[in-house]
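Q:
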Amino acid sequence: MKDFGYAAPESLGEASRLLQHAAGSVKILAGGTDIIVQLREGMREADLVVDVKKVPELQELTFSATHGLRLGASVPCHRVYEHPQLVAAYSALVDASKIIGGWQIQSRASVGGNLCNSSPAADTIPALIAHHAWCEIASPRGKRTVAVEQFCTAPGKNVLQKGELLVAIVFPPSLSHSGSAYERFIPRNEMDIAVVGVGSRVQLNATGDTIEFARIGVGAVAPTPKYAQEASEWLAGKPATEEFFAQAGELAKKIASPISDMRGTAEYRTHLVGVMVKRTLLKAAERAKVFINH
Amino acid sequence: MAKKTVVSSTINGSSTEFLCEPRQSLLEVLRDTLHLTGSKEGCNNGNCGACTVLMDGKPVLSCLVLGVEAEGAKIETVESLAKNGQLAPVQQCFLEGAALQCGICTPGFLMATKALLEKFPQPTEHDIRFHLANNLCRCTGYDKIVKSVQACATAVR
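Chains as they are written, first to last, in UniProt numbering: chain S, 1 to 294; chain H, 1 to 157.
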């Protein structure tokens, strides 16, 4: 690995100043499970690595039924899926956090880091889109927010400018009779990259038979993870049945513009979007029927 | 060359200070500086699990941790398992169950298994396969490893 300097700031202000004023290229280290590999293999370069794990705001995990969830950008995945209240309220996020890499990766990797790595196949991003989460970004000039579906701009690229830092991902409250799920298609049981990954969330009416609204996020079938807006909006007011979920899957296929690679052809991936959208909607609806928010 | 940093950690129960460059991984520090060569370098990119150690009780890949990040941390390597020449139960079960051949992956499997059995004292086969998915072995076919973990869970019950 090429030589670099290292800093571990203990406040947001100090981290921002370091990112703003550092000469040369700066890379942020949260869990390190992507960036250390990329630095070692020469895919990215750094003159300075800024380890942000000691910044309190980035380690914050605050949940309340009325205010929702605030997830610091460097909170490791295991803290997400080991949190008993998040399992019911943000199931898609929990599904995604449990499936990234293996256990050793989940001990270190963060949801914020997964977002900032901005892989088209990132597991957490479709789940974040389904949860309607947004990104809180800080710089010495102040704070700004960006919807998760607007955050990634190309494979490995995102809206963060020099001096900016993702502080937290913020989730709206999860409502009664809502449910969500993330699933990915991979040839193995674990330890693989999504051929297609889909996060879906549905809000049902009190009797559980009609969809009030839905949000579907799709990964690995375009240069960035996508919000399947047409399919999501079409579902509002429709019966929560397999037939309508399958039709939403057909609509979601329209946003797929996948590549062909060793994991699957473009045609195969597009077909899988329909399958995975239907499956995750079904699972989300089942969970919605048992989720009563207190 | 970036300045070397003094890092203070607790390694296998002993307070330890070492000097390292920011670019050095914890695995390099353990093996080359501290001469704890039990942790193995397999893929060096986070896929094989041969370098698994416990960091503050959690299994991590020491090739994906910088040595400087170990400041203040508690690190446990495979060298911490046997005491006074006596193998730990997990080592004994791997040995009796023939859960190793060439041995390169074994320290990583042992440390991940230690963490697994602390989390799930009576793991199902699914628990075992799921939690050991980040540890690759090219010799055993995994079945003997899974059976040895089950035997260990029974033995320590």
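Idealized CB from N, CA, C, for every residue including glycine.
Rounded to whole angstroms, what's the CA-CA distance from S/L12 to S/P76? Just pull it up for me.
A: Translated into positions along the first sequence, residue 12 of chain S becomes position 12. Translated into positions along the first sequence, residue 76 of chain S becomes position 76. For S/L12 and S/P76, the distance between alpha carbons rounds to 18 Å.
Q: Comparing C-alpha positions only, which one of S/S91, S/E10, S/I35 and S/A46 sits nearest to S/L58?
A: Walking along the first sequence from the start, residue 58 of chain S turns up at place 58. The option with the nearest alpha carbon to S/L58 is S/E10.
Q: I'd like to know whether the C-beta atoms of S/V202 and S/L281 end up nearer to each other than 9 Å.
A: Translated into the one-based positions of the first sequence, residue 202 of chain S becomes position 202. Translated into the one-based positions of the first sequence, residue 281 of chain S becomes position 281. Yes, Cβ-Cβ distance for S/V202 and S/L281 is below 9 Å.
Q: Report the residues of the region 84-105 of chain S with a CB closer than 8 Å to any CB of chain H, ordered along the chain.
A: So the close ones are G101, G102, W103, Q104 and I105.
Q: Could you pull the DSSP bridge partners for S/Q247 from this structure?
A: As a working mapping, residue 247 of chain S is identified with position 247 in the first sequence. DSSP lists no partner for S/Q247.
Q: Identify every run of the beta strand (DSSP E) within the region 6-85 of chain S, keeping only runs that are complete inside it and at least 3 residues long; order them along the chain.
A: With a minimum length of 3 residues, the continuous beta strand (DSSP E) runs that stay inside the region 6-85 of chain S are 26-29, 48-51, 61-64 and 68-72.
Q: Would DSSP call S/N114 helix, strand or coil?
A: The sequence position of residue 114 of chain S within the first sequence is 114, counting from 1. In this structure, S/N114 counts as helix in the three-state DSSP scheme.
Q: What does a CB cutoff of less than 7 Å around S/A285 pick up in its chain, not counting 5 residues either side in sequence?
A: Walking along the first sequence from the start, residue 285 of chain S turns up at place 285. Taken in chain order, the residues that qualify are G179, V202, L204 and A240.
Q: Let me make sure I understand the geometry here. Which of S/F171, S/E267 and S/Y182 has the alpha-carbon closest to that of S/K283?
A: Position 283 of the first sequence, counted from the start, is the residue given in the question as residue 283 of chain S. The option with the nearest alpha carbon to S/K283 is S/Y182.
Q: Closest by CA to S/A222, which one among S/A8, S/I125 and S/I137?
A: Position 222 of the first sequence, counted from the start, is the residue given in the question as residue 222 of chain S. Out of S/A8, S/I125 and S/I137, S/I125 has the C-alpha closest to the C-alpha of S/A222.
Q: Excluding the five sequence neighbours on either side, which residues of its own chain have a C-beta within less than 8 Å of the C-beta of S/H67, listed in chain order?
A: One-based indexing of the first sequence puts residue 67 of chain S at position 67. Excluding residues within five positions, the ones whose Cβ falls inside 8 Å are P173.
Q: Leaving aside the five residues before and after S/N117 along the sequence, list all residues of the same chain whose C-beta is less than 8 Å from its C-beta, in chain order.
A: Taking the first residue of the first sequence as 1, we reach residue 117 of chain S at position 117. Same-chain partners within the cutoff: D34, I35 and G156.
Q: Tell me whether the beta-carbon of H/L27 lies closer than 9 Å to the beta-carbon of H/N47.
A: Taking the first residue of the second sequence as position 1, residue 27 of chain H is located at position 27. Taking the first residue of the second sequence as position 1, residue 47 of chain H is located at position 47. Taking 9 Å as the Cβ cut-off, H/L27 and H/N47 do not qualify as a contacting pair.
Q: Is it a yes or a no for the region 66-74 of chain H touching the region 9-21 of chain H, going by three-plus beta-carbon pairs under 8 Å?
A: These segments touch.
Q: Smallest Cα separation from S/S232: which of S/E242, S/T224, S/T210 and S/S200?
A: Looking up residue 232 of chain S in the first sequence gives position 232. Residue S/S200 is the option with its Cα nearest to S/S232.
Q: Could you work out which residue in S/A288, S/V159 and S/T224 is closest to S/I259 when comparing CA atoms only?
A: Taking the first sequence and counting its residues from 1, one reaches residue 259 of chain S at position 259. Checked all of S/A288, S/V159 and S/T224; the closest Cα to S/I259 is S/T224.
Q: Using DSSP bridges, identify the partner residues of S/K143.
A: As a working note, residue 143 of chain S is residue 143 in the first sequence. S/A138, per the DSSP bridge assignment.
Q: Between the Cα of H/C152 and the Cα atoms of H/R23, H/C93 and H/G141, which residue gives the shortest distance?
A: Taking the second sequence and counting its residues from 1, the one referred to as residue 152 of chain H is at position 152. When only C-alpha atoms are compared, the closest one is H/C93.
Q: S/V80 CB to nearest chain H CB: under 9 Å?
A: For the purposes of this step, residue 80 of chain S is taken as the residue at position 80 of the first sequence. With 9 Å as the cut-off, S/V80 does not count as an interface residue toward chain H.
Q: Counting pairs of beta carbons, one from the region 121-136 of chain H and one from the region 85-103 of chain H, are three or more of them closer than 8 Å?
A: Segments in contact, no.
Q: Once the 5 residues before and after H/C63 are set aside, which same chain residues still bring their CB inside 6 Å of it?
A: Counted from its first residue, the second sequence places residue 63 of chain H at position 63. Correct list, in chain order: S25, L27, N44 and C51.
Q: Compute the distance between the beta-carbons of S/Q104 and H/G49, then report whether it is under 9 Å.
A: Along the first sequence, one-based indexing puts residue 104 of chain S at 104. Along the second sequence, one-based indexing puts residue 49 of chain H at 49. Going by C-beta atoms, S/Q104 is nearer than 9 Å to H/G49.
Q: Mind listing the chain H neighbours of S/R108? Cutoff is C-beta to C-beta under 9 Å, in chain order.
A: For this step, residue 108 of chain S is matched to residue 108 along the first sequence. In chain order: M55, K58, V60, L61, L64 and V65.
Q: Evaluate H/T77 with the Cβ neighbour count: other Cβ atoms within 10 Å of its Cβ, from every protein chain shown; 16 or more gives buried, anything less gives exposed.
A: Residue mapping note: residue 77 of chain H aligns to position 77 of the second sequence, counting from 1. Result: buried.
Q: Counting Cβ pairs closer than 8 Å, one from the region 144-155 of chain S and one from the region 15-30 of chain S, do we hit at least three?
A: Verdict: no, contact absent.
Q: Using a cut-off of 9 Å between C-beta atoms, extract the partners of S/M191 located in chain H.
A: Your numbering for residue 191 of chain S matches position 191 in the first sequence. Residues of chain H passing the Cβ test: N47, A133, N134 and L136.
Q: When the distance is taken between beta carbons, is S/Y81 closer than 9 Å to S/S64?
A: Within the first sequence, numbered from 1, the residue matching residue 64 of chain S stands at position 64. Within the first sequence, numbered from 1, the residue matching residue 81 of chain S stands at position 81. Cβ atoms of S/S64 and S/Y81: not closer than 9 Å.
Q: Who are the neighbours of H/T52 on chain S, taking C-beta pairs under 7 Å?
A: The residue labelled residue 52 of chain H in the question sits at position 52 within the second sequence. Residues of chain S passing the Cβ test: Q104.
Q: In chain order, which alpha helix (DSSP H) runs of at least 4 residues are fully inside the region 145-195 of chain S?
A: List check, alpha helix (DSSP H) in window: 148-151.
Q: Let me check understanding here. Comparing Cα to Cα, which of S/A220, S/T207 and S/E230 lies closest to S/A214?
A: The count along the first sequence starts at 1 and reaches residue 214 of chain S at position 214. The candidate whose alpha carbon is nearest that of S/A214 is S/E230.
Q: Just the C-alpha distance for S/E190 and S/F245, rounded to the nearest angstrom, thanks.
A: Start at 1 with the first residue of the first sequence, and residue 190 of chain S comes out as number 190. Start at 1 with the first residue of the first sequence, and residue 245 of chain S comes out as number 245. Their backbone Cα atoms lie some 26 Å apart in a straight line.
Q: Exposed or buried, which one is S/T62 when buried takes at least 16 other CB atoms within 10 Å?
A: Here residue 62 of chain S is taken as the residue at index 62 of the first sequence, counted from 1. Flag for S/T62 reads exposed.
Q: Mapping the DSSP letters down to three states, classify S/G274 as helix, strand or coil.
A: For the purposes of this step, residue 274 of chain S is taken as the residue at position 274 of the first sequence. Residue state, collapsed to three classes: helix.
Q: So S/V195 packs on S/V218, CB below 8 Å; how close in whole Å?
A: By one-based count along the first sequence, residue 195 of chain S stands at place 195. By one-based count along the first sequence, residue 218 of chain S stands at place 218. Incorrect: roughly 12 Å between the Cβ atoms, too far for contact.
Q: Give a yes or no on whether 9 Å exceeds the smallest Cβ distance from H/T5 to chain S.
A: By one-based count along the second sequence, residue 5 of chain H stands at place 5. So, interface residue.
Q: Let me know the alpha helix (DSSP H) ranges lying completely inside the region 75-111 of chain H, each 4 residues or longer, listed in chain order.
A: Fully enclosed alpha helix (DSSP H) runs of 4 or longer: 89-96.
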